[in-house]
Each structure stands twice: as C-alpha cells, then as structure tokens.
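Okay, structure first, notes after.
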Amino acid sequence: MARLTIPAPELMHSGHAACPGCAPALAMRLLLKALGPSTIVSVPACCWTVIATPYPTTALGVPMLDNPIEATGASISGLRAAADALGLSDVRIVGFAGDGGTSDIGLQSLSGMLERRTDAIYVMYDNEAYMNTGVQRSGSSPKGAWTTTTPVGERSHGKAEPKKDILGIVLAHRPTYAATLNPSFPEDFVRKAERARDLRGPRFLHVFAPCPPGWKYSSEQTIAIGRLATDTGVFPLYEVEEGTCRITRTMNALKPVAEYLRAQGRFAHLNDTDIAEVQAEVQRSWDRLRALARSAERPWPPTLSPPTPA
Amino acid sequence: MIEVRFHGRGGQGAVVASELLAHAAFRDGKFPQSFPFFGVERRGAPVTAYARIDDRPVDVRTSVTAPDIVVVLDAGLLRRVPVTAGLRAGGLLLVNSPRRPEELAGLGPFRIAAVDAARIALRHGLGSVTLPIVNTAVLGAFARVSGVVSLDAVRAAIESFSPARQVENAAAASDGYTDVVTAEVGPIPELGPASPRTVPLVLPEDPVASRSSETLPTADWRSLTPVIDLGRCTRCNFCWKFCPDNAIEFDAAGWPVLRGEFCKGCGICAAECPPRAIAMRAEA
Ligand SMILES: Cc1ncc(C[n+]2csc(CCOP(=O)(O)OP(=O)(O)O)c2C)c(N)n1
Ligand code: SF4
Ligand code: SF4
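Sequence order for the protein chains is A and B. Take the first sequence: its position 299, counted from the start at 1, is 299 in the numbering used here, and no numbers get skipped. Just remember that the numbering used here sits 310 ahead of the position in the second sequence, which is counted from 1.
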C-alpha cells in the first residue's frame, strides 16, 4: 500500500447526517485526524449540529458541546477556563462554526475570545451562506452569488456586496496563528491543523467548504471545485504565524476564475463583464497577499503594531 | 378527521406532496393542515411530512403518530423506517412500488395500494432515473384510493402551486390515478379503533447522545454505488482520503474496500481516482 499522507485514525464517525459530497463533513474528518482524541469541540447552530447529532447518536469520537449560534467564541473561552480549573490544560479546545455564525452573528464573541487571548482553536468552515436554514446570504457570501435572499431576476443579480475579509478581522487581533485551509489539499490541511494544535494562545483556521446543494453543483465535484478555488486565487492557501505570512501553495500563474465560477449554478447568471470584474479583484488580492508574504522578514503587516507581550 | 403521514427521501418531494394535498383539500372545501417533521432534509435522507384534513378547523398541532393513511414515496424505506408505526388496522398504506400490492401484504393488516410512480415520473420527464420525482404521481393515486380529495382538486393544486413543470406534474397525477392498484386478496379489514392521539414520548435509556452514529447506516441515501476495479487500482488512497463519509477502508493488503452501509454515493471517490478505477453504478 502507498504510504498514507495523512493520519489513519478516524475520530469522525460515519452515519452522520451531512448531504452527500459535503465538504464541511470532510473538513471535520481531517481536522480531528490532526488534533487527536484529547479534544473538545464546541459547535453552534449550523449544519454541523445537525450533521453530528442524528438523535440519540453522535458523529464525533470526542466530546461535543452544542452552543447558541452567537456564542462560539465565549463558549470556548469558558471551556478553556473549566478545563484548566480541572487540571486538564493539555486538552485542546476547539470551536467549529459556520461562516454565518462566525463572521456575522458570532463576530463579537469571536473578537472577545481572540482579545482575551484564549488558548483555543477557532475553526470557521466557510460554505459561504447560511446553509442549514436553506441558503440565505451571509457576510461571507461572495459578490454575485445567488442565494435565496439574493435572488437572480429583474431587480437582483445575486449578492451585490463583496465577501467579508474574516481573516483580516482576525489578524487585527494578532492571533498566535491563523491560516486558510482547503480539504481539497488534505496534506496541507492536516499540517496546518497540526501546527495549530502544537501552538498556544488564540488560533484561527479559515476552512474553505464547498456545499453541493447551496452552490448548485453535482456532489462528485466537491474536491475539484475546492482545488479550482485555490488555483484560481479565489481562496489562496497561506498561514500567518506570529505576524509572519507565508503562502503554502505558490502559483506562478493563476487559472482563470471563469473555470471556477462556471462550475457552479450559483454563478450561472454572471456575464463576461461580471466575470472580468471578479478576475480583476482576485488578481488584486493575490498581488496584495504576495507582497505581504515577501515582507516576511518584518513581522506583522505594516498596518498592525506588534503584539503586546501576553 | 383524516390524518396522513408521508415518508420519502430528500429530493422526492414528500414535503411538497403534503402541501399539495392540503391545497387540494382546501379546494374541495375542507379544512387542511400540512407540515414537515423538523429534521434532516438532505438529499437521499429519510423525510417525514404530515397532513390533516377535516370538515371543520383542525386545532391539533402535533405530529401525526396515529395516521389513518400512510404514503410511502420510496419502497426502499420499508426496510429501515417503521413506516406503519401507529397505522390502524384497516388503515390505508399507499406505496410507490412496481410490485403487486398483494406482494406487500406482509406489511400488516392494512388496505394496501401500489403505484409505479417512478415509471410515471420518468415517462413525464420528472427527475432522473436515479432520483425520479414521484410525488405528483403518488398524489393522483392517493386521490383514487383514499377518496379524501378529488383528482380535479389535486390537478388544480399542482397547476397553481407546484414549484415547477406544472403540466407534466398534473399529467403524472392523472396517470397515478389511473394506474394505482389495490390489493384484492383477503378481506379488507374493518377500520380498527383509533390509537390515542398522543403517544407517550419514549426517551432512550441514555439521554445524552453517547451512541456512535455508526449505529445508523446511511446506505439507503444513495442511488449510485461506487464499484472499484482492483485491476486498475494503484492503492494510492485518494478515494479514502477524500470521502466525506469515511466510507472507504483498506483490507490487510491495502486494497480499498467500500463500507457499503455508510456510502452515500456522492461520487467523489470515482471523480478523484487518478487511474479511474472507480465507476458509479445503479444498484441492482
Ligand atoms: C440567534 C439565532 N438566529 C437564527 C438561528 C437559526 N439558524 C440555525 S442554523 C442557522 C444557519 C447558520 O449558518 P452558518 O453559520 O453559515 O452555518 P451553516 O448552516 O452554513 O453550516 C441559522 C440561521 C439560530 N439558531 N439562532
Ligand atoms: S447543506 Fe451544505 S454544508 Fe450543510 S450538510 Fe449539506 S452539503 Fe454540508
Ligand atoms: S461515493 Fe462518496 S460516500 Fe461513497 S465511498 Fe465514494 S466518496 Fe465515499
């Protein structure tokens, strides 16, 4: 047998209630492979509460706390304090929340956890809409995307506003570690999750998470679409450790974004002008990211002051 | 009051069927009610929906636990889901199945009717071979065997409220009406006494979910199954690595083996296999 490139043990059980081809399900599987059994996961209202708990069972081989959608950050600060009080300081505390629950509804709670410098890992799986309640737009939905609340018709052409830069918001808190992860690149995914596991202080993982019904594509395309997102520059892979940015999948030339957009029904209405606009924006942020990575010898982006010692 | 429970799979239209039934009953001058069970509505997952129909306003708001009629949109559910739970003796059980209703007699002392709704749906281009949208053909059959609503009302409800393809769906309802067969063997049992309208909630012994979800197979969710050609397989592990359901394992020699009870048939393993050693096949 070829050597396994990611750990063999499975801490996510089969029999869970995710749709066929769900990238958030694969993301949890890979994450727990990296973190190991000494982990507690806090999940707010989102697809993953439903996926994990076909009553009376659980799909996680580790303890799970179900928390209100706006409280993931607070819940992991509390779990950390409780674990420490019980002398379980080696237990890893993880928040695992959707993009709506993180970048919109739970933003204050996330900010509080980062600012308190809670020793925990916050994972945002980004399926780019409120999927569990039927595809409503979130702050993290990309510009142009069809959702049920940004329909396509005479007076609406998909979402009008650009995607919120959650990692920018997180980096403004100067976390120990922040990274973008994509389950289409399992080795990179696991390596970053292991890096997060081994550090202390607030850590944040932004996970790209295609969703077949919400993005309107056929379920076998999940991995291919994820790969295109990175190779077109829509979702570049990088990590920021103590303020130093490093791109983990370098590309000399980006693939055209049209390849990524055309693969999904949620972008089917975009015309050539729309696509050219997306292409220009993607190129701009890719150039900005590369400039940031080149300034690697200077910790923290120039706009940010160095972290005050904890 | 007539209480109806629908069982289907995500994507077959069970929830829409219960809504259309309510619209049809309303047209017939009845007081209807319709709502889904609040649960997982993933494609392929078992879905339950309810309807109540009466000559006066319906006050009760709870889920239907003692139905007069049970409608099953997918015969595959008969194996795993207790679809007849609470159905009274002599109650009506309508199943989407190409089989003769007599062959389903083992399901219990019910009036059993069968309609090959998948064939009707495909004839009208509704859904795909792997996932035909059978709800409207079944509703036509329902009108005939239940007598609770008229076919005209069902067709009118479809024409005004069906989310898509109104003409084809109305035609499918008419075909369901014509094609449905009721079992003729044995005496049709008298309608037994209604069960109590509220059934005590039985909690599992262990109220905190501590049982693994692997006690709940998801094999029934899929319509296509990956078939691995070991002659082409290079044991690269890609199928294992990318499966969101952890439904591939290895045998002692490192060859991939499908965990058939959990595969949902998403097709990722087939799409990602570098030597194209996996094909997605409809199950026999
Ligand atoms: C305060 C509050 N508002 C609304 C809801 C209903 N709700 C449950 S899950 C969900 C969607 C969450 O979306 P997201 O965080 O993006 O995760 P996803 O469902 O996409 O996985 C919503 C709105 C809730 N549980 N609590
Ligand atoms: S709706 Fe999307 S995110 Fe939610 S379970 Fe289904 S595939 Fe996964
Ligand atoms: S079809 Fe999907 S669920 Fe089934 S084994 Fe392949 S990847 Fe896993």
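Even for Gly, the Cβ is constructed at its ideal location relative to N, Cα and C.
Report all residues from its chain with a CB closer than 6 Å to the CB of residue i; omit the five preceding and five following residues, and keep chain order.
i	result
A/S103	G139, S140, K164 and I166
B/A332	P342, S344 and A361
A/L32	L11 and M12
A/V170	A178 and F204
A/S184	I223, G226 and R227
B/D426	P408
Does ligand 2 have a heavy atom nearer than 7 Å to the CB of residue i?
i	result
A/N127	yes
A/M131	yes
A/C22	yes
A/A263	no
Run the proximity test for residue i: is its beta-carbon closer than 7 Å to any non-hydrogen atom belonging to ligand 1?
i	result
B/A376	no
A/S138	yes
A/E277	no
A/C19	no
Spatial neighbours of residue i within its chain, please: C-beta separation below 7 Å, excluding the five flanking residues on both sides.
i	result
B/C583	F548 and C549
B/V459	L331, A334, A335, D338 and A453
A/K216	Q264, G265 and R266
A/A8	none
B/P411	I422, A423, A424, V491, T492 and A493
By Cβ distance below 8 Å, which residues in the same chain neighbour residue i in space, the five residues on each side in sequence not counted?
i	result
A/P212	C19, P20, G21, C22, S218, S219, Q221 and T222
B/R569	N556, A557, I558 and E559
B/A481	H434
A/E239	Y177, A178, A179, T180, K192, R195, C245, R246 and T248
Is residue i near ligand 3, in the sense that its beta carbon is under 7 Å from a heavy atom of that ligand?
i	result
B/L568	yes
A/K33	no
B/I578	yes
Do you know offhand how far residue i's Cα is from residue j's?
i	j	result
A/A310	A/S285	Residue placement at A/A310 cannot be trusted, given a pLDDT of 43 that sits under 50; what the coordinates show is reported in the next sentence. A/A310 and A/S285: Cα-Cα distance of roughly 31 Å.
B/C579	A/V152	33 Å
B/A483	A/H157	35 Å
B/Q476	B/L436	11 Å
B/P554	A/I6	15 Å
B/D364	B/D378	12 Å
A/P68	A/Y122	15 Å
A/G36	A/E242	24 Å
B/E413	B/T492	11 Å
B/R353	A/A293	42 Å
B/V381	B/L540	42 Å
A/D272	A/V207	29 Å
A/A172	A/T250	24 Å
B/V314	A/P186	47 Å
B/I588	A/V190	26 Å
A/P44	A/T133	13 Å
By the 10 Å Cβ neighbour count, where 16 or more other Cβ atoms means buried, how is residue i classified, buried or exposed?
i	result
A/Q311	Nothing about residue 311 of chain A can be read from this structure; chain A reaches only from 1 to 310.
A/F204	buried
B/T544	exposed
A/L4	exposed
A/D84	exposed
A/E154	exposed
B/W565	exposed
B/Q322	buried
B/N445	buried
B/N479	buried
A/G87	exposed
B/R586	exposed
A/D287	exposed
B/R371	exposed
B/S438	exposed
B/P392	exposed
B/N406	buried
Run down chain B in chain order and give the residues with a C-beta less than 9 Å from the C-beta of residue i.
i	result
A/P186	K551 and F552
A/G15	S522, S523, E524, T525, L526, P527, T528, D555, E571 and F572
A/T133	None at all; the shortest Cβ gap to chain B is about 11 Å.
What does residue i reach in chain A if we use C-beta pairs closer than 9 Å?
i	result
B/A580	E220
B/C543	Ordered by position in chain A, no residue passes the 9 Å Cβ test against B/C543, which lies about 11 Å from the chain.
Which residues in chain B sit within 8 Å of residue i, going by Cβ to Cβ distance?
i	result
A/M12	N556
A/T58	A519, S520, R521, S522 and S523
Can you list the residues of chain A that residue i reaches, using a CB-CB cut of under 7 Å?
i	result
B/S355	Residue 355 of chain B is actually Ala in this sequence, not Ser. A17, listed in chain order.
Interface residues of chain B around residue i at Cβ under 7 Å?
i	result
A/C324	No statement about residue 324 of chain A is possible, as the shown extent of chain A runs from 1 to 310 and does not include it.
For residue i, which residues in chain A fall below 8 Å Cβ to Cβ?
i	result
B/V350	A17, V50 and P54
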